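The next block holds one structure in the form of C-alpha cells; read it before the comments.
2 protein chains.
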Amino acid sequence: MRACIIAVGSELLTPHKVDTNSLFLTERLNDIGIDVRAKLVVGDDVDELARHVSAAIAWADVLAITGGLGPTEDDVTREAVARVLNAPLVLDPGILEGIRRRFARRGMEMPEINRRQAMVPRGAAVLPNPNGTAPGLWMQYGKCSIVLLPGPPREMQPMFEAVVAERLAPRTGGVALFRRVVRITGRPESDVDACVQPVYSRWLSRAVPISTTILGVLGQIELHLTARAPSRAAADAALDAAVAELQAVLGDSIYSVDGRQLEAVVGDLLRAQHLRIAVAESCTGGLLASRLTDVPGSSDYVDGGFVCYSNASKIDWLGVPEALIAEHGAVSEPVARAMAEGARARSGAPVGIGITGIAGPGGGTVEKPVGTVAMAVMVGGESRARTSRFIGGREQIKFQATQGALDMLRLMLIRRAAP
Amino acid sequence: MRACIIAVGSELLTPHKVDTNSLFLTERLNDIGIDVRAKLVVGDDVDELARHVSAAIAWADVLAITGGLGPTEDDVTREAVARVLNAPLVLDPGILEGIRRRFARRGMEMPEINRRQAMVPRGAAVLPNPNGTAPGLWMQYGKCSIVLLPGPPREMQPMFEAVVAERLAPRTGGVALFRRVVRITGRPESDVDACVQPVYSRWLSRAVPISTTILGVLGQIELHLTARAPSRAAADAALDAAVAELQAVLGDSIYSVDGRQLEAVVGDLLRAQHLRIAVAESCTGGLLASRLTDVPGSSDYVDGGFVCYSNASKIDWLGVPEALIAEHGAVSEPVARAMAEGARARSGAPVGIGITGIAGPGGGTVEKPVGTVAMAVMVGGESRARTSRFIGGREQIKFQATQGALDMLRLMLIRRAAP
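Protein chains in written order, with the numbering used here: chain B, 1 to 419; chain G, 1001 to 1419.
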C-alpha cells in the first residue's frame, strides 16, 4: 500500500520551518507495511490544497493530511477535501457539543468562530481529539483512505495511533518494512555502486524482498536496506544474509552494519583491545578529539589530545624536531608521525594519531594545495602514514581528514585482532 | 511568481530524514520576491517523479528540483524531466570532459557509470558545478522555468546563488524581501521575547514593513527580520534602524547582526586586539578548539589547545595541582582556572580558556549532575569563572559549554576595548 502525506500551513513554507509530523506518520505507516511515496507541504489556500488532494487520491491508498483544522479563515483543509470529494460540509452536532463542553470546562463560552470546526464533509467518520478542539476526520474515496489530523503533535500523534490500530493495520495483512543501514568509508560512491549493484539487484525478487538506496554523504557512503516481511524475525534473517553478501564484496570497507558511527566503531575496538589513545591535530583543530569524545563512555579509552596550530606548539608541546619541519615541511608524513609519537609519549597511551594539513581557504601551494592532509597512526610497534587530497570547504576538509585517520586506525585495530 | 520545490531521494521518505535544501531555496527565492507555494519530497522512482513534475509545471512559474543527479541507477531526475518535457537525453561532451578531468585531478580514471551524469535533456542549459561531478540543468517549458540541482548543499547552494543572480532575479523586478539575522546568547528565549515584542510589533505598520520571527536554537536565539522594500537601500535603512532599537533593549546580549557566528565574532575581537589564545578542554573534548579553528584565518590568533580527558593529563600536561583536584573535584571553577592558566603558560598566549564538566550520560552526582560545567577565561591580568548546568544530551551539553565560554571571552574583550 502506498501513502501520501500532506502538511498544510503557510508557515511551513517559510525558510526556517520544517514539517516534522511526517516523520512520525512515516514511522507508524512503515511499521504496518505502508510505504510513504510522497510528502507535500502546501499553504493555507483552498484552491491549491484541493488541487494537491485531488492529485494524491488518484494514486495513493492512504492520504494523511495534517493541519488546517483550526477555527480560523486560514484553516481550509475541511473545505478543500469536501470540495474534491464533492461532499457538502454539514454541521456535526456531536462535535459542536464537545467543543462547547471543552470551553465550558475552562469557564469560557465557545467563540462563534469555533463552529467551523464542527463542519464535516458528509459521510466522514469523526476521530475524537482528547487533547484539543479540532477533531480528526476519516473518509473513504474509492480505494483511498483519507485521514485529516490536527497539526499540533500532541493532538495528532495519539489520534493517529488509534487510526493505525483500529482502521489501517487490519487492512495491511501483517507485512511491514524493516530497515538496516550499512556504512562504508574510504571508497568513492561510484566504485561502491559498481561493486554492489549486481548484488542488491537480486534482492528485490526474493521471498523477503529488499530494496536498496545508496547515499553518498561527506566522507562516507550509506546503503539503506529496506526489507518487506511478515515479521521482524523473517526480516532480520533476510537482512543478515544481505549484509553478509555486501561484506563478501566490500570487506573491511564496511565499518558499520548496526547504525554506529565511525568514532563509535573505533571506540569499541579500542575498548575491546584495552588500548588508550591520544591525538595530535593541526588542521583538524580539535575535531578528531571532539568526535572521539562525542561517544558516551569514551573516557574509558581517550586520554586526550593536542591541538597544535603553530609550528612552535608542535615543537614545544609534542617534541617534533624543528629540523624535521624544516626538511619536510609542517604538512608531511614525517611530521604527522612525529606528532602521533609526541602525543603517545606525553600521555603514555599506546595509540597515537597525528594529523597535519591545509584546510584552506588560504595556505595552499602548487606542491601542497588546499586539502592536502598528512595522517599518521601508531598502534604499539606498528605505524601507518598517508597523504590525501580532500575536496571541499574548510569544514569538509576537516571532517574528511578525521574520517580518514579514524578509518586507518580502524583497519589497524581489526588486523591486530585477527588471529 | 509562484515556485514549487521538489526534493528527490527515497532516503528523504524514511522516518529520520528531513529535506533541508528547500529552506535555503525558499530563502533565496523569497529574497527576489518569488513565493514558494508547495514543497514535495519524492522517492527515486522515475514514473512517480515524472507524475509530480508534470503536475508542478502546470501551475508553477519556477520548479526547483534537488537531488537524483548522481551517477547511479537510483538517480532518475534527468530521465523523469526529459520524459515530461518530451526531450531526448543526449550526451554532453563538455560535461563528460569536466567529469573526467575532475577524477584525473585526484589521479583516478572516471568510472564508466559517471557517463550518466553527462546525459542532458536536449535543449537544457548546463549549470557548472565547481564542487562536484553532477552539473545542474536549466530548462524553460512554457512559462515554467525548471532548474535541476544536485542534492549536497555545498554543491547546490553556490549553483543556485548563480541561478538567482543571473536567471531569476532579472525577471522578478519590483518589491523584494530583505533579511537580517540578529543573534543573541546567554538569555532564555521567553525573556528575550518579552523584551523585544513591544519593539518589533511596531515595525509591521511602517513604510518599509518588517516582520520578525524568533528562533530558539541550541545555546542561542535568532531574530529573523524580514523587510519588504523596493530596493536594498530602502530595506537596509529600515533594518539598520530596527537593529538599533533591538540593541537599545538587549545591549551586549546581541553578539552578531551581520550573520557571523560566535566563534567568528570572538576571532575578530582577538585579531583586532592582537591577542593569541590557547584553550584547555575536558568535557568539550576539543569542540571549542574545533569551533575556533572553523574560522578561515584563525591561525592568526589560535595557538592551539589541550584536550585533557583524564586527571593525569590535566596534571601532567597543564600543571594543574593534584591537590586542587582533590580539594575541589575535577569539575570546579578552581580547576577550570588552573587549566586556563596552564594552557596560557604552555603556549605563552595571553588569552586562555579552561572548561571542565560532566557531559553525560554517566558521571553525574547529586551535587554535580550531568550538565554541570565549570568555565574559566583569562585575558591578561583579568579572569572570570562561572559554573552552569546545561540541559540536553551529550552533544548539546558540549556545544552549550563552548558557547558559554566563548561568550564570556567576548564580553571580556568588549569591555577591555571600551575606553
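Glycine residues also receive a C-beta, built at the ideal position from the N, C-alpha and C atoms. Fair warning: this is a prediction, and the values are worked out from it, not measured in the lab.
Close Cβ partners of residue i (< 6 Å) along its chain, the five nearest in sequence each way excluded
| i | result |
| --- | --- |
| residue 1400 (chain G) | 1219, 1390 |
| residue 409 (chain B) | 266, 377 |
| residue 71 (chain B) | 113, 114, 116, 117 |
| residue 286 (chain B) | 307 |
Sub-8 Å separation of residue i and residue j beta-carbons
| i | j | result |
| --- | --- | --- |
| residue 176 (chain B) | residue 33 (chain B) | yes |
| residue 261 (chain B) | residue 254 (chain B) | no |
| residue 55 (chain B) | residue 63 (chain B) | no |
| residue 1149 (chain G) | residue 1119 (chain G) | no |
| residue 295 (chain B) | residue 343 (chain B) | no |
| residue 1102 (chain G) | residue 1077 (chain G) | no |
| residue 276 (chain B) | residue 303 (chain B) | yes |
| residue 225 (chain B) | residue 180 (chain B) | yes |
| residue 405 (chain B) | residue 288 (chain B) | yes |
| residue 153 (chain B) | residue 24 (chain B) | yes |
| residue 1228 (chain G) | residue 1209 (chain G) | yes |
| residue 1018 (chain G) | residue 20 (chain B) | yes |
| residue 310 (chain B) | residue 374 (chain B) | no |
| residue 174 (chain B) | residue 126 (chain B) | no |
| residue 1008 (chain G) | residue 1067 (chain G) | yes |
| residue 280 (chain B) | residue 319 (chain B) | no |
| residue 124 (chain B) | residue 139 (chain B) | yes |
| residue 1356 (chain G) | residue 1290 (chain G) | no |
Interface flag, residue i vs chain G, CB-CB below 8 Å
| i | result |
| --- | --- |
| residue 344 (chain B) | no |
| residue 39 (chain B) | yes |
| residue 214 (chain B) | yes |
| residue 194 (chain B) | yes |
| residue 387 (chain B) | no |
Three-state class that DSSP yields for residue i in the structure shown
| i | result |
| --- | --- |
| residue 1328 (chain G) | helix |
| residue 1446 (chain G) | No answer is possible for residue 1446 (chain G): the residues shown for chain G start at 1001 and end at 1419. |
| residue 352 (chain B) | strand |
| residue 1155 (chain G) | helix |
| residue 1408 (chain G) | helix |
| residue 121 (chain B) | strand |
| residue 397 (chain B) | helix |
| residue 268 (chain B) | helix |
| residue 306 (chain B) | strand |
| residue 1139 (chain G) | strand |
| residue 1017 (chain G) | coil |
| residue 275 (chain B) | coil |
| residue 5 (chain B) | strand |
| residue 184 (chain B) | strand |
| residue 57 (chain B) | helix |
| residue 35 (chain B) | strand |
| residue 1280 (chain G) | strand |
Neighbourhood of residue i by C-beta, 8 Å cutoff - its chain only, sequence neighbours within 5 removed
| i | result |
| --- | --- |
| residue 1184 (chain G) | 1192, 1220, 1221, 1222, 1223, 1250, 1253, 1254, 1255 |
| residue 1369 (chain G) | 1358, 1389 |
| residue 1159 (chain G) | 1127, 1128, 1129, 1136, 1149, 1150 |
Min CB distance residue i to chain B below 8 Å
| i | result |
| --- | --- |
| residue 1074 (chain G) | yes |
| residue 1203 (chain G) | no |
| residue 1299 (chain G) | yes |
| residue 1321 (chain G) | no |
| residue 1161 (chain G) | no |
| residue 1018 (chain G) | yes |
| residue 1332 (chain G) | no |
| residue 1307 (chain G) | yes |
| residue 1231 (chain G) | no |
| residue 1096 (chain G) | no |
| residue 1113 (chain G) | yes |
| residue 1131 (chain G) | yes |
| residue 1014 (chain G) | yes |
| residue 1044 (chain G) | yes |
| residue 1036 (chain G) | yes |
Close Cβ partners of residue i (< 7 Å) along its chain, the five nearest in sequence each way excluded
| i | result |
| --- | --- |
| residue 1105 (chain G) | none |
| residue 52 (chain B) | 6, 40, 42 |
| residue 50 (chain B) | 80, 83, 84 |
Quick one: which unbroken alpha helix (DSSP H) runs of 4-plus residues sit fully inside the stretch 1063-1118 of chain G? Chain order, please.
1077-1085, 1093-1105
As an exercise, report each continuous beta strand (DSSP E) stretch of at least 3 residues that is fully enclosed by the stretch 1186-1259 of chain G, in chain order.
1210-1217, 1220-1229, 1254-1256
Which parts of the stretch 352-396 of chain B are runs of the beta strand (DSSP E), unbroken and 3 residues or longer, counting only runs that do not cross its ends?
372-379, 382-389
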